[in-house]
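Asker: Let me begin by handing over the structure; questions about it come next.
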Amino acid sequence: MSEKVILFGEDNHIEARVFKSLVENCEDIKLIHFDNGKDIYDYVKENLHDLPDLIILDINMPQINGIDLIDLIRSENVLVPILIFSTSNNMKDISCSYVNGANGYIVKPIDYDEFEKTFNIIKDYWLKVNTICYYNNEDCKYAKDTIY
Amino acid sequence: MKKQNLISSKINRLIKISILFSVLLLTIIMFNIYNIEKNRTINQLELITEMLSNNIEFTMLHGDQNFANLILKSLEKQSKILNVYVYDADKNVFASYQNKHNERFHKLNISKIYIKKDIMYDNNILGKIFIEANMLILIEDLLKNFIIILFFSLCFLIIFGILSNKLLLEIILPIEKLIKHSKKVSQGVYELIELKTSNEMDELIETFNLMLSNIKINLNKTETLLHTLIESVDTPIFIKSSPDDWFLVNKKYTELTGRSKENGFTTTDNLSDKCCFIEKDRKVFETGVSSKFKTNYTLNGKTYYLITKISRFIDIEGNKYLIGIISDITDITIAQQDLKNSNEMLENILENQQDCIIRVNKRLEIVYANKQHCIVFHDGKNCLGTNITLAIHKEDKRKMFEAKKRLEKGDDDDNEVEIRCKTYRDGWRWFNWKYVRVDDINDETLEIQCVGRDITERKVVEELLLKKAELEKSANEILTMIAYRKDLKEILTNICLHLEKHDPHIKSSILLYNKKDGKLYQGAAPSLPDDYNALLEHGLPIGNNVGTCGVAAYNKKFTITSDLLSTKNWLDYPAFVEKVKKYNLKACWSHPILSSDNELLGTLANYSDVVGNPTEENVKMIEWASTISSMCIEQDLNAKELAKSEEKYKSIVDNLNDCLYQLDIDYNFTYLTKQITNILGYEPEELLGTNFREIFMKTTLEDSIVEFDDMVYDMEIIGEHKNKQIINLEYDMLKLYNEDDEIIGYQGLIRDISQRKKLENEIIEKSKMFLDVTESSPLGIMIMDETYNILYENKQIKKFNLPIKVNNKFNTSIIEDEKLSTTSKDKYLTLDAKINDTWYEFIFKPIIYMNMQCELILINDIHMKRVQTEKLDEEVKKRTHQLDIINKELESFAYVVSHDLKSPMRQLSMISEILLKEYGELIKEKELLYSIKDTTKHSWDLIDGLLRLSSDSRGNIVLKEWLFTDKLIQLCNTLKPKNKEVIIKVHPNMILNCDYKMLMSVYTNLINNAFKFSSDNECIEIEIGSIELEDNVIYFVCDNGVGFKNDIGEKLFDVFQTNKHKYSGTGIGLSTVKRIINKHNGIIWAESIVENDILRGACFYFTLN
């Protein structure tokens, strides 16, 4: 099994630190962390032919916030799953994320144990069960036309 | 040679003559014989065919094959017959039988005769037989002789022909041709006779001459014979070869037409160049003739009608001859004309009859109608096909149908009906119809001929007579009734009926005069409608301008109103006019009924449904009736008056509440009725002899008693009761006179009016009070009737100075009319109106005022109130807007706070976790880290709770009925602590009408609380349910936990209020619950369960809506 790459955007170092410590326990996952939205966007643009397997973003990030970032990434025809990982359980944040193209929204648990559990579920589902499509190089316009 | 020349010229001439003669002779003879022979042949043939057909009948039917032989045998004897054709219609077979004996003729194109005969059997045509016969055979016989003669003559010709070539050429060649032709015809071979000597020649010439003369004689004979034959025939005969070439006519023809063969026929005479013959259906017609079939000639002043009856073509050597027989049809024509004339005459008679004559078919539709009928019934228009029953009076239709039935049965005895028919101009009239059944032999349908005569006048006379007899009878009856003193009403009714019988246009009534009030009342009116009579219930006053009866009674004269609707006397009484119109009464003739003293007893009113004056007859009858009526009314009055006057006095005295008194000339009581006891308390006897003034005049009115003429009425005085009570009294008094007109005393009535006085005072008091109230009211008060007339208004109205009054009417324009009309009877209608920049309130209320449906209007100056309200409204709007802004700000604030506060909490918790996990062994005081973790957790919950408090209890409530039972059980199971024994009781059918999400939040908080505060118990018991009260339901959640002290009950629901207790809590939960319940218009409270002064648990109750 090849190594999976998670692109992680989080400006808070403690949060990032906790997340990193969880990833380090897994041998086959590589974590690429940026603490602002702009860097993530640049990374994605530079690595369009070697995209990560999963992108996890916080909402409150400097320069570009998580929700806007989804829109930017999606506009590059990138179809990699993007999850929002935030403390906010505000309905507005949740619906905006999905509208912009998020594949999931996870409220950060307060408990460390809970945190670990949640991480494991994310890892199992998005990296093992789910089949990933990286890039929209197929012309899906045909399908769209028939539906509408 | 000379002799020879002489002879030759002689012969030449002779030959010429002989040829001419012979040709002529030949033609005539041939024609003659031909005809005779032909007829004979035809007759023969007919006989044969008849014979044959008789035989064939059977043979054909039985298919006898020997038949052919039989026919042939019989045919052989008949040399003229060529062929026989038999046609069998049944089998559709055509058979031909040839006469072999005459075989040589078959190929010749010669003239043939055909005879046709039908084969009949039992009147059915089985087939046809045709016989074909030869005509030439006759001629052959003839020619045999004729050719010999010709031969001889030819011999001569040849002899002399040698002498003269020219002659030979001229004569012999044609003769040779003739012979050739003859040969062709006869087929027989005749040899030439050799030439003889000159002697013999002479002999021959002599013989020839003799022969010639013989021929001549024979020729003449035949011609004469022919002529005699034709002439002897009785009918006119003509023969012509073309339309203008008359060959032969007989004497009869000449006699008939006045034309002979010699004169009279020119080409222009009835004939034209274009005429030709046409044969059709064995008849011959001449075309181009002006009259083809019938002609008339005038001869000796007499007109003859002729018709060519039989005409037939005859073929003689290629020439066609028309033989016609003329018939004289003069007699028939004249007879026909006579018939026509007589028909016309008959029609003339019918058309000019004074009676109506019609002929109708079985369905009673007119198939013929004479002029008179058309004029009388249809205004001269054509009426064929009209059903006569339409014009017959409905009462008489039965008569008609009965008559028709009798006719259909064939019963001709009673063939007259008298019925009413509707004429075009004069309406219904009586007709006498005589009817006869006319049976058409050809057509089986029945036709009826009717002759109608107008018998209206006779009928009228008859009816008059009948009526008169009847009238006499009823008059007698009335007189009898009077004699037997029957009931007055009954007699009067009969008089009315009698009058009505006399003239059906009249409706009679008798009004009786009531002397007392001078009015007329209904006495008898058997035919007038009840609601008309009801108008007279209250009497009809007498006067010179009151209808007809009033006038008649007033003047005591017979009064006639010929047209009610144009008379002023009537038009003043619209109630009467309406009824009169309704019942179609047009005129009224009223006769006064006067007594023997010429006093008015009543009137006799006759209403006619026709405009006009009464006839002389009517007047007579009315006068008679009024006399009779007066007789019986008078009789009745006399009888009644006696009886009445007896009772009258007594009853008056007894039934009065008033006390009757009599005074002598000095006003001392001489008589008092017992009613005085009720009034004054004294017995009558106690007061007799007492002075009137002593009792009543003590206080007032000392002198008024003296000054009156004959009578005083309603004088008010004050009297004293026996028990010293003062009472109000009223008295009437009249003077009593003796025969010499001297005053002998007084008489009168006294009555107690204290009750009345009291009521009067009360009313005055009340109205005063009403006025006091209304006039002092700050409200404007006004009463108006249905037509907006103002009946009352108080002072305040004037103070308002509003334009609400126009011509003493309510000015509806200041408020919309529509709203005013919607005023319902029971409810107030309130309207606000801005008048002169001031707001007024109008309150409308329907009331009954002075027995009228009126409207009470209350007018209130609400300007200040209104202005204030408007100000307040504006203020509220402003505040609401501000509130909205603040709310929104709060919301975003809460969001920011929660999010930004939550993050550091999480981080703190995470950091302590990591420290514990990764560096736990290095840290000595781990408890500090744990306490960080716990504190952050608590803060987290606090923030979460605060957020929920603002979000859960905000937003709109969506009410719906939800079944909560299952959900609550599920909720309890999720929330319950894991290592404890838990008993959960949830009532079934927990149905709440609420916002689901909010109520779930309520239950979550309450259940959480319950578990939290029972966590010390080993066995936790939770009960969730509802209690139904009269009009509400109380829901509760109870536990067996630590409970609380009742004095902090209300504080439980304040924000951040927690039990300073070991049980952790943010203190926001219950506050959220309270806000949600309040939003549902419900209340929430909590009670502790106390048993023996020990807290045993807590109960939270709440209601919804």
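Protein sequences appear in the order of chains Y and V. Residues 0 to 147 in numbering that gives the first Met the number 0 are what the first sequence lists, from first letter to last. Residues 0 to 1104 in numbering that gives the first Met the number 0 are what the second sequence lists, from first letter to last. We put the beta carbon where it would ideally sit given N, CA and C, even for glycine.
1. Any chance you could list the alpha helix (DSSP H) runs of at least 4 consecutive residues sitting entirely within the stretch 540 to 602 of chain V, in chain order?
2. Taking Cβ positions only, does Asn59 (chain Y) come closer than 9 Å to chain V?
3. Can you list, in chain order, the residues of its chain with a C-beta nearer than 6 Å to that of Phe118 (chain Y)? Leave out the 5 residues immediately preceding and following it.
4. Can you tell me where the alpha helix (DSSP H) with Gln336 (chain V) in it begins and where it stops?
5. In whole angstroms, give me the CA-to-CA distance for Phe557 (chain V) and Leu641 (chain V).
6. Residues in its own chain within less than 6 Å of Thr964 (chain V) by CB, not counting five upstream and five downstream?
7. How is Lys515 (chain V) classed by DSSP in three states: helix, strand or coil?
8. Taking only heavy atoms of the ligand NAP into account, decide whether any of them is closer than 8 Å to the Cβ of Ser1000 (chain V).
9. State whether the stretch 527 to 534 of chain V contacts the stretch 544 to 562 of chain V, with contact taken as three or more CB pairs (one from each stretch) at a distance under 8 Å.
10. Taking only the alpha-carbon atoms, compute the straight-line gap between Cys495 (chain V) and Thr388 (chain V) and give it to the nearest angstrom.
11. Quick check: what's the CA-CA separation for Pro235 (chain V) versus Leu224 (chain V)?
12. Over what stretch of residues does the beta strand (DSSP E) that includes Gln852 (chain V) continue unbroken?
13. With burial defined as no fewer than 16 other Cβ atoms inside 10 Å of the residue's Cβ, what is the status of Glu9 (chain Y): buried or exposed?
14. Report buried or exposed for Met710 (chain V), applying the criterion of at least 16 other Cβ atoms within 10 angstroms of its Cβ.
15. Using the C-alpha atoms, what's the distance from Asp117 (chain V) back to Phe57 (chain V)?
16. What's the call for Lys916 (chain V), buried or exposed, on a 16-neighbour Cβ count within 10 Å?
17. Would you check if the stretch 918 to 930 of chain V and the stretch 895 to 909 of chain V touch, i.e. whether three or more CB-CB distances between them fall below 8 Å?
18. Does Gly718 (chain V) pass the burial test, meaning 16 or more other C-beta atoms within 10 Å, or should it be called exposed?
19. Considering Cα atoms alone, identify which of Y:Glu113, Y:Phe84 and Y:Ile69 is closest to Leu78 (chain Y).
20. Under the three-state reduction of DSSP, which class applies to Ala1109 (chain V): helix, strand or coil?
21. For Asn637 (chain V), name the three-state secondary structure that DSSP assigns.
22. Using a Cβ cut-off of 7 Å, pull out every chain Y residue sitting near Arg905 (chain V), in sequence order please.
23. Please identify, using Cβ separations under 9 Å, the residues of the stretch 15 to 45 of chain Y that lie next to chain V, in order along the chain.
24. Label Tyr827 (chain V) either buried or exposed according to how many other C-beta atoms from any shown protein chain fall within 10 Å of its C-beta, with 16 as the threshold for buried.
25. Taking C-alpha atoms, which residue in V:Tyr995, V:Ala1085, V:Tyr1002 and V:Arg947 lies nearest to Cys971 (chain V)?
26. Are the CB atoms of Val435 (chain V) and Cys420 (chain V) nearer to each other than 9 Å?
27. Give me the DSSP bridge partner(s) of Asp1053 (chain V).
28. Determine the contact status of Leu593 (chain V) and Ser625 (chain V), defining contact as a CB-CB distance below 9 Å.
29. So Ile856 (chain V) and Met768 (chain V) are in contact, right, with Cβ under 8 Å, and what is the actual spacing, rounded?
30. I'd like to know whether the C-beta of Met909 (chain V) is nearer than 9 Å to at least one C-beta of chain Y.
31. Reducing DSSP to helix, strand and coil, say where Lys421 (chain V) ends up.
32. State the start and end residues of the unbroken alpha helix (DSSP H) segment that holds Asp92 (chain Y).
33. Taking Ile913 (chain V) as the query, report the chain Y residues whose CB atoms sit under 9 Å from its CB, ordered along the chain.
34. By DSSP, does Phe7 (chain Y) sit in helix, in strand, or in coil?
35. Are the Cβ atoms of Asn386 (chain V) and Leu363 (chain V) separated by less than 9 Å?
36. For Ala368 (chain V), which of helix, strand or coil comes out of DSSP?
Answerer: Judging by the given coordinates:
1. Correct list: 548 to 554, 567 to 570 and 573 to 581.
2. The sequence position of residue 59 (chain Y) within the first sequence is 60, counting from 1. Yes - at least one Cβ of chain V is within 9 Å of the one on Asn59 (chain Y).
3. Position 119 of the first sequence, counting from 1, holds the residue named residue 118 (chain Y). A distance below 6 Å between beta-carbons, with the five flanking residues on each side excluded, links Phe118 (chain Y) to the following residues of its chain, in chain order: Leu21.
4. Numbered from 1 along the second sequence, position 337 holds the residue referred to as residue 336 (chain V). Here the alpha helix (DSSP H) through Gln336 (chain V) covers Thr329 to Glu350.
5. The count along the second sequence starts at 1 and reaches residue 557 (chain V) at position 558. The count along the second sequence starts at 1 and reaches residue 641 (chain V) at position 642. Just so you know, the alpha carbons of Phe557 (chain V) and Leu641 (chain V) end up roughly 31 Å apart.
6. Numbered from 1 along the second sequence, position 965 holds the residue referred to as residue 964 (chain V). Within the same chain, Thr964 (chain V) has close Cβ partners Val985, Pro987 and Met989.
7. By 1-based counting over the second sequence, the position of residue 515 (chain V) is 516. Coil at Lys515 (chain V), not helix or strand.
8. By its list of ligands, the structure shown contains no ligand whatsoever, and the ligand NAP lies outside what it can speak to.
9. Counting C-beta pairs closer than 8 Å gives fewer than three between the stretch 527 to 534 of chain V and the stretch 544 to 562 of chain V, which falls short of the contact rule.
10. Along the second sequence, read from residue 1 onward, the residue named residue 495 (chain V) stands at position 496. Along the second sequence, read from residue 1 onward, the residue named residue 388 (chain V) stands at position 389. C-alpha of Cys495 (chain V) to C-alpha of Thr388 (chain V): approximately 38 Å in a straight line.
11. For the purposes of this step, residue 235 (chain V) is identified with residue 236 of the second sequence, where counting begins at 1. For the purposes of this step, residue 224 (chain V) is identified with residue 225 of the second sequence, where counting begins at 1. For Pro235 (chain V) and Leu224 (chain V), the distance between alpha carbons rounds to 17 Å.
12. Numbered from 1 along the second sequence, position 853 holds the residue referred to as residue 852 (chain V). In this chain, the beta strand (DSSP E) harbouring Gln852 (chain V) covers Met851 to Asp860.
13. Along the first sequence, one-based indexing puts residue 9 (chain Y) at 10. Counting the other CB atoms within 10 Å of its CB gives Glu9 (chain Y) a total of 16 or more, which places it among the buried residues.
14. Residue mapping note: residue 710 (chain V) aligns to position 711 of the second sequence, counting from 1. Exposed, by the Cβ-count rule.
15. Position 58 of the second sequence, counted from the start, is the residue given in the question as residue 57 (chain V). Position 118 of the second sequence, counted from the start, is the residue given in the question as residue 117 (chain V). For Phe57 (chain V), the predicted model reports a pLDDT of 46, less than 50, meaning its position is unreliable; a value from the coordinates is still stated below. Take the alpha-carbon of Phe57 (chain V) and the one of Asp117 (chain V): they are about 14 Å apart.
16. Taking the second sequence and counting its residues from 1, one reaches residue 916 (chain V) at position 917. By the Cβ-count criterion, Lys916 (chain V) is exposed, with fewer than 16 other Cβ atoms from all chains shown falling within 10 Å of its own Cβ.
17. Contact between the stretch 895 to 909 of chain V and the stretch 918 to 930 of chain V is absent, because fewer than three Cβ pairs lie under 8 Å.
18. Walking along the second sequence from the start, residue 718 (chain V) turns up at place 719. With 16 or more Cβ atoms within 10 Å of its Cβ, Gly718 (chain V) is classed as buried.
19. Within the first sequence, the letter at position 79 stands for residue 78 (chain Y). Checking every option, the nearest Cα to that of Leu78 (chain Y) belongs to Y:Ile69.
20. Absent from the model: residue 1109 (chain V). The displayed extent of chain V is 0 to 1104, so no value can be given.
21. The count along the second sequence starts at 1 and reaches residue 637 (chain V) at position 638. Correct three-state label for Asn637 (chain V): helix.
22. The residue you call residue 905 (chain V) lines up with position 906 of the second sequence. Neighbours of Arg905 (chain V) on chain Y, chain order: Thr86, Lys107 and Ile109.
23. Cβ contacts with chain V come from Arg16, Val17 and Ser20.
24. As a position in the second sequence, residue 827 (chain V) is number 828, starting the count at 1. Tyr827 (chain V) comes out exposed.
25. As a working note, residue 971 (chain V) is residue 972 in the second sequence. Nearest to Cys971 (chain V) by C-alpha distance, out of V:Tyr995, V:Ala1085, V:Tyr1002 and V:Arg947, is V:Tyr1002.
26. As a position in the second sequence, residue 435 (chain V) is number 436, starting the count at 1. As a position in the second sequence, residue 420 (chain V) is number 421, starting the count at 1. It is not a contact, given that the beta carbons lie outside the stated cut-off.
27. Looking up residue 1053 (chain V) in the second sequence gives position 1054. Within the DSSP bridge table, the entry for Asp1053 (chain V) names no partner.
28. Indexing the second sequence from 1 puts residue 593 (chain V) at position 594. Indexing the second sequence from 1 puts residue 625 (chain V) at position 626. Their beta carbons are under 9 Å apart, which means Leu593 (chain V) touches Ser625 (chain V) by this criterion.
29. Locating residue 856 (chain V) in the second sequence gives position 857, where the first residue counts as 1. Locating residue 768 (chain V) in the second sequence gives position 769, where the first residue counts as 1. Wrong, their Cβ atoms sit about 21 Å apart, outside the cutoff.
30. Within the second sequence, numbered from 1, the residue matching residue 909 (chain V) stands at position 910. It does; some Cβ of chain Y falls within 9 Å.
31. The residue labelled residue 421 (chain V) in the question sits at position 422 within the second sequence. Here Lys421 (chain V) sits in strand by DSSP.
32. For this step, residue 92 (chain Y) is matched to residue 93 along the first sequence. Its alpha helix (DSSP H) spans residues Met90 to Asn99.
33. Within the second sequence, the letter at position 914 stands for residue 913 (chain V). Near Ile913 (chain V) (Cβ distances below 9 Å), the residues of chain Y are Ile13, Arg16, Val17, Ser20 and Tyr111.
34. For the purposes of this step, residue 7 (chain Y) is identified with residue 8 of the first sequence, where counting begins at 1. In this structure, Phe7 (chain Y) counts as strand in the three-state DSSP scheme.
35. Locating residue 386 (chain V) in the second sequence gives position 387, counting from the first residue. Locating residue 363 (chain V) in the second sequence gives position 364, counting from the first residue. Yes; because the gap between Cβ atoms is below 9 Å, this pair is in contact.
36. Counting from one through the second sequence, the residue named residue 368 (chain V) turns up at place 369. Here Ala368 (chain V) sits in strand by DSSP.
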